[in-house]
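Only one structure is covered here, and it is reproduced in the block below.
Number of protein chains: 2
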Amino acid sequence: MAIVVNLEEERGKKGPSLDALTALVSDDLAKVNTTIVDRMHSPVELIPQLAGHIIAAGGKRLRPMLTLASAKLCNHRGPRHIKLAACVEFIHTATLLHDDVVDESSLRRGLASANAVWGNKASVLVGDFLFSRAFELMVEDGSIQVLAILSRASSVIAEGEVLQLITANDTSTSEDSYLEVIRAKTAALFAAACRIGAVVANRPKAEEAALESYGLNLGIAFQLIDDMLDYSAKQEKLGKAIGDDFREGKITLPVILAFRRGDDEERTFWRRNLEELDQAEDGADLRHAIGLMEKHQSLLDTINRARHYGAIARDALGIFPDGPAKSALTDIIDFCIDRAF
Amino acid sequence: MAIVVNLEEERGKKGPSLDALTALVSDDLAKVNTTIVDRMHSPVELIPQLAGHIIAAGGKRLRPMLTLASAKLCNHRGPRHIKLAACVEFIHTATLLHDDVVDESSLRRGLASANAVWGNKASVLVGDFLFSRAFELMVEDGSIQVLAILSRASSVIAEGEVLQLITANDTSTSEDSYLEVIRAKTAALFAAACRIGAVVANRPKAEEAALESYGLNLGIAFQLIDDMLDYSAKQEKLGKAIGDDFREGKITLPVILAFRRGDDEERTFWRRNLEELDQAEDGADLRHAIGLMEKHQSLLDTINRARHYGAIARDALGIFPDGPAKSALTDIIDFCIDRAF
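Taken in sequence, the protein lines are chains Z and Y.
The opening residue of the first sequence carries number 227 in the working numbering; numbering runs sequentially from there.
The opening residue of the second sequence carries number 227 in the working numbering; numbering runs sequentially from there.
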């Protein structure tokens, strides 16, 4: 696809990676994984089976790693961040299970999604279980402040998901409404995951706020790129089908920009495809949509918007001293954005 | 239906009611209702709309009333039980929303269910919102002990729902497996709702345990009668369609008893109807099923089993002094069982 080649040329050869982060938190992450496997256990065997399928499916563990790296940045000593990082992953997994039901997805990270294998019912209920289990883990940790942060994040996520449901198939959705959705459904958990690192380390409010701001803006950048990738990356690379959002009529930034920059004929095209979901079965409409996005630079500008939020995230870390933790957290920003290429 | 008449004769004329309970907690319940309306608010309007539909649909508010009456029994002074009773109702409502999605129900308390009006997606997400909001309310209350009780109850409920999903359509399900399901999916929240009344009042562990035991056994009795009513009460009275469980192939105690007491021909009938879901569309199979239940007294014995758990619940209250709260709580037991008639 032309866009990929152009962008490849634009930046250098060797892309940023999560290597520094992985090295920084690998011992802790192994403990988080053990905690996850341990605590998703239930005498009802279907629960660890289904939960294990999605948790083991090879997600990046980005959110729990954010908690671990943030705790490290704050010089946290002690074991509390391990359990709380597992909580964050449980909440994330619960929302994935419910998302796949809501989106009627059949693929997740390149594998059959849990709802495709075990049905929607089991996915809803195991999601509820993981969500409850997350709160049980927080209770064991015993911090009302952490409970406040994650219960608030959880209702914000749910609000964001409902808002997304309402704006689906509405091509008049503004960039601001879209931002409100991704801020809630994605960035709120990134923000909470990072803030918890400062909370367990008993750092001053300013550092809590800095890590929250880092997480929030990183989360926005992450979701922008995710939405851009749905129109550009290869399915194998991403582990999910290209054009999913298009087929569901999701209104993401690449669409919003192309719609606003297009002429009447193009808007009629977008309405037919995304509002009426009247789409050519041979993929011709998807190819045409990508063509319009290239014409209006809406994929490139989605990346540019992501860079803006990435820059805010980077500056938010400014108050922390340089070192391996700060540098790993900075690398995540570049990784989240540059995985677009 | 013959069973109704027989049972009507068996007991007296004027049945027990929730009147004493309602009188006892009416001021508090009004505050709980205000809290519920207040706290299901969200800038995303669909959330209070959908949540309001199910919450306002005229449920009995049995679970929050249990918290209120238990707090009264424990001489609790102060406002904490109000917010926590609202939490209990939020958790209950969240599970109802997810249940209706899982059961594909189109009716709830005689009205169209939320999933029938707004779709499964919105029901899943608003359920998640109410669940998160419940935890936010608990965090405001600030008691780790309450958080522990309700987060544990929530995962037990989810486990019970998954277990029910697994045993659905399996006529070999034992009475014990069935009991395990209803203990988890229904009784655990009754138990938690009651126990919280002792916790807010800082009562000794023995009283906490007594109220928990009362709630657990009351919850089992309640669900037994609920499952019995699906084969006997009039739809209008119950606000839901008779034979729902039959059509879905749910294995409840009336079925388990009739199946075990039946002959080979009858078991073939049960398997065809509940495992293969091969059922006559004119309701003839449902009528035949009810006939078999009458033949084997399986509805009557389901009530008898409920009486057994009701008796345990009654004795659990023995350590508390007599008075209006204790008497109201005792009335609930009779009401839950005698609504069978």
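Where is the CB? At the ideal position from N, CA and C, for every residue including glycine.
Q. Cβ of Z:Asp354 less than 8 Å from any chain Y Cβ?
A. Sequence index remark: in the first sequence, residue 354 of chain Z carries index 128 (1-based). Answer yes: the Cβ-Cβ gap between Z:Asp354 and chain Y drops below 8 Å somewhere.
Q) Roughly how many whole angstroms lie between the Cα atoms of Z:Asp489 and Y:Asn346? A) The count along the first sequence starts at 1 and reaches residue 489 of chain Z at position 263. The count along the second sequence starts at 1 and reaches residue 346 of chain Y at position 120. Near 36 Å, if we compare the C-alpha coordinates of Y:Asn346 and Z:Asp489.
Q: Just the C-alpha distance for Y:Ala228 and Y:Ala436, rounded to the nearest angstrom, thanks.
A: Position 2 of the second sequence, counting from 1, holds the residue named residue 228 of chain Y. Position 210 of the second sequence, counting from 1, holds the residue named residue 436 of chain Y. Here the model assigns Y:Ala228 a pLDDT of 39, short of 50, so the residue's position is not dependable and the matter cannot be decided.
Q. Is the Cβ of Z:Phe361 closer than 8 Å to any Cβ of chain Y?
A. The sequence position of residue 361 of chain Z within the first sequence is 135, counting from 1. It does; some Cβ of chain Y falls within 8 Å.
Q) Going by other Cβ atoms of all chains shown within 10 Å of its Cβ, with 16 needed for buried, is Y:Asp396 buried or exposed? A) Residue mapping note: residue 396 of chain Y aligns to position 170 of the second sequence, counting from 1. Counting Cβ neighbours within 10 Å, Y:Asp396 comes out exposed, since fewer than 16 surround it.
**Q.** For Y:Val350 and Z:Ala510, the rounded distance between their alpha carbons
**A.** To locate residue 510 of chain Z, count along the first sequence from 1; it is residue 284. To locate residue 350 of chain Y, count along the second sequence from 1; it is residue 124. Distance between the alpha carbons of Z:Ala510 and Y:Val350 is about 34 Å.
Q. Roughly how many angstroms separate the alpha carbons of Y:Met454 and Y:Ile529, rounded to a whole number?
A. Mapped onto the second sequence, residue 454 of chain Y falls at position 228. Mapped onto the second sequence, residue 529 of chain Y falls at position 303. Approximately 7 Å, taken between the alpha carbons.
Q: Mind reading off the beta-carbon distance from Z:Val388 to Y:Val270? Whole number of angstroms is fine, and I expect it under 8 Å.
A: Here the question's residue 388 of chain Z lines up with position 162 in the first sequence. Here the question's residue 270 of chain Y lines up with position 44 in the second sequence. The Cβ separation is near 5 Å, so the contact holds.
Q: Starting from the beta carbon of Y:Arg378, find every residue of chain Z whose beta carbon is closer than 7 Å, and list them in chain order.
A: Mapped onto the second sequence, residue 378 of chain Y falls at position 152. Within 7 Å Cβ-Cβ: Glu362.
Q.
With three or more beta-carbon pairs closer than 8 Å as the criterion, would you say the region 353 to 369 of chain Y touches the region 370 to 382 of chain Z?
A. yes
Q) From which residue to which residue does the alpha helix (DSSP H) around Z:Asp570 run? A) Nothing in the structure corresponds to residue 570 of chain Z, since chain Z is present only between 227 and 567.
**Q.** Environment of Y:Asn428 [buried if 16+ CB atoms lie within 10 Å]
**A.** Position 202 of the second sequence, counted from the start, is the residue given in the question as residue 428 of chain Y. That one is exposed.
(Q) Taking the beta carbon of Y:Ile615 as the centre, do at least 16 other beta carbons fall within 10 Å, making it buried, or is it exposed? (A) An answer regarding residue 615 of chain Y cannot be provided, because it is not within the stretch 227 to 567 covered by chain Y.
**Q.** Cβ-based neighbour list, Y:Leu244, same chain, cut-off 6 Å, excluding 5 preceding and 5 following
**A.** Position 18 of the second sequence, counting from 1, holds the residue named residue 244 of chain Y. Answer for Y:Leu244: Phe561, listed in chain order.
Q. So, Z:Lys309 versus Z:Val251, is the Cβ gap smaller than 8 Å?
A. Position 83 of the first sequence holds residue 309 of chain Z. Position 25 of the first sequence holds residue 251 of chain Z. Not closer than 8 Å, so no.
Q: Take the Cβ of Z:Asn443 as the centre, count every other Cβ of all protein chains shown within 10 Å, and call the residue buried at 16 or more, exposed below.
A: Here the question's residue 443 of chain Z lines up with position 217 in the first sequence. Buried.
Q.
Quick check on the burial criterion: 16 or more other C-beta atoms within 10 angstroms. Buried or exposed for Y:Gln449?
A. The residue labelled residue 449 of chain Y in the question sits at position 223 within the second sequence. Buried, by the Cβ-count rule.
Q: Compare the Cα-Cα distances from Y:His302 to each of Y:Asp557, Y:Ala551 and Y:Asp564 and report the closest residue.
A: Numbered from 1 along the second sequence, position 76 holds the residue referred to as residue 302 of chain Y. Closest option to Y:His302, Cα to Cα, is Y:Ala551.
Q. Beta carbon of Y:Leu415, beta carbon of Y:Arg289: below 8 Å?
A. The residue you call residue 415 of chain Y lines up with position 189 of the second sequence. The residue you call residue 289 of chain Y lines up with position 63 of the second sequence. Cβ atoms of Y:Leu415 and Y:Arg289: closer than 8 Å.
Q | C-beta contact flag for Y:Lys321 and Y:Ile281 at 8 Å | A | Taking the first residue of the second sequence as 1, we reach residue 321 of chain Y at position 95. Taking the first residue of the second sequence as 1, we reach residue 281 of chain Y at position 55. One point to set straight first is that residue 321 of chain Y is Thr, not Lys, in the sequence displayed. Not a contact, by the Cβ cut-off of 8 Å.
Q | Reduced DSSP category for Y:Ala283 - H, G, I as helix; E, B as strand; rest coil | A | Within the second sequence, residue 283 of chain Y is the residue found at index 57, counting from 1. Three-state DSSP puts Y:Ala283 in coil, outside helix and strand.
Q) In this structure, does DSSP put Z:Ala338 in helix, strand or coil? A) Along the first sequence, one-based indexing puts residue 338 of chain Z at 112. It is a strand residue.
Q: Verify whether the separation of the beta carbon atoms of Z:Ala394 and Z:Lys476 is less than 8 Å.
A: Locating residue 394 of chain Z in the first sequence gives position 168, counting from the first residue. Locating residue 476 of chain Z in the first sequence gives position 250, counting from the first residue. Going by C-beta atoms, Z:Ala394 is nearer than 8 Å to Z:Lys476.
Q) When the distance is taken between beta carbons, is Z:Ala410 closer than 8 Å to Z:Gly386? A) Numbered from its first residue, the first sequence carries residue 386 of chain Z at position 160. Numbered from its first residue, the first sequence carries residue 410 of chain Z at position 184. Going by C-beta atoms, Z:Gly386 is nearer than 8 Å to Z:Ala410.
Q: Apply the 10 Å Cβ neighbour rule to Z:Gln221 and answer buried if 16 or more other Cβ atoms are within range, or exposed otherwise.
A: The structure shown has nothing for residue 221 of chain Z, since chain Z only spans 227 to 567.
**Q.** Where Y:Val270 meets chain Z, residues with beta-carbon distance less than 8 Å
**A.** For the purposes of this step, residue 270 of chain Y is identified with residue 44 of the second sequence, where counting begins at 1. Correct list: Glu385, Val388, Leu389 and Ile392.
Q | First and last residue of the uninterrupted alpha helix (DSSP H) at Z:Leu562 | A | Position 336 of the first sequence, counted from the start, is the residue given in the question as residue 562 of chain Z. Note that residue 562 of chain Z corresponds to Cys in the displayed sequence, not to Leu. Segment Pro550 to Asp564, the alpha helix (DSSP H) holding Z:Cys562.
Q | Per-residue burial, Y:Glu491 [other beta carbons within 10 Å of its own, 16 or more giving buried] | A | In the second sequence, residue 491 of chain Y corresponds to position 265, counting from 1. The residue is exposed, with fewer than 16 neighbouring Cβ atoms inside 10 Å.
Q) On the three-state DSSP scale, how would you describe Y:Asn395? A) Here residue 395 of chain Y refers to the residue found at position 169 of the second sequence. Here Y:Asn395 sits in coil by DSSP.
Q: Rounded to whole angstroms, what's the CA-CA distance from Z:Ala447 to Z:Ile563? Just pull it up for me.
A: On the first sequence, position 221 is the one that residue 447 of chain Z refers to. On the first sequence, position 337 is the one that residue 563 of chain Z refers to. When rounded, the distance between both Cα atoms is 7 Å.
Q: Say whether chain Z places a C-beta atom closer than 8 Å to the C-beta of Y:Lys476.
A: Position 250 of the second sequence, counting from 1, holds the residue named residue 476 of chain Y. Closer than 8 Å: no.
Q.
As a quick exercise: from Z:Leu373, Z:Asn499 and Z:Ala515, pick the residue whose alpha carbon is nearest that of Z:Ala418.
A. Residue mapping note: residue 418 of chain Z aligns to position 192 of the first sequence, counting from 1. Closest option to Z:Ala418, Cα to Cα, is Z:Leu373.
Q.
Does Y:Val311 come out as helix, strand or coil in the three-state DSSP assignment?
A. One-based indexing of the second sequence puts residue 311 of chain Y at position 85. Looking at the sequence itself, residue 311 of chain Y is Ala, so the reference to Val does not match. In this structure, Y:Ala311 counts as helix in the three-state DSSP scheme.
Q: Determine the extent of the alpha helix (DSSP H) in which Y:Lys476 is found, giving its start and end residues.
A: The residue labelled residue 476 of chain Y in the question sits at position 250 within the second sequence. That residue, Y:Lys476, is in no alpha helix (DSSP H); it is neither H nor E in DSSP.
Q.
Using beta carbons (cut-off 8 Å, strictly below), is Z:Glu236 in contact with chain Y?
A. Translated into positions along the first sequence, residue 236 of chain Z becomes position 10. Because Z:Glu236 carries a pLDDT of 45, less than 50, the predicted location of this residue cannot be relied on, and the following value inherits that uncertainty. So no, Z:Glu236 is outside the interface.
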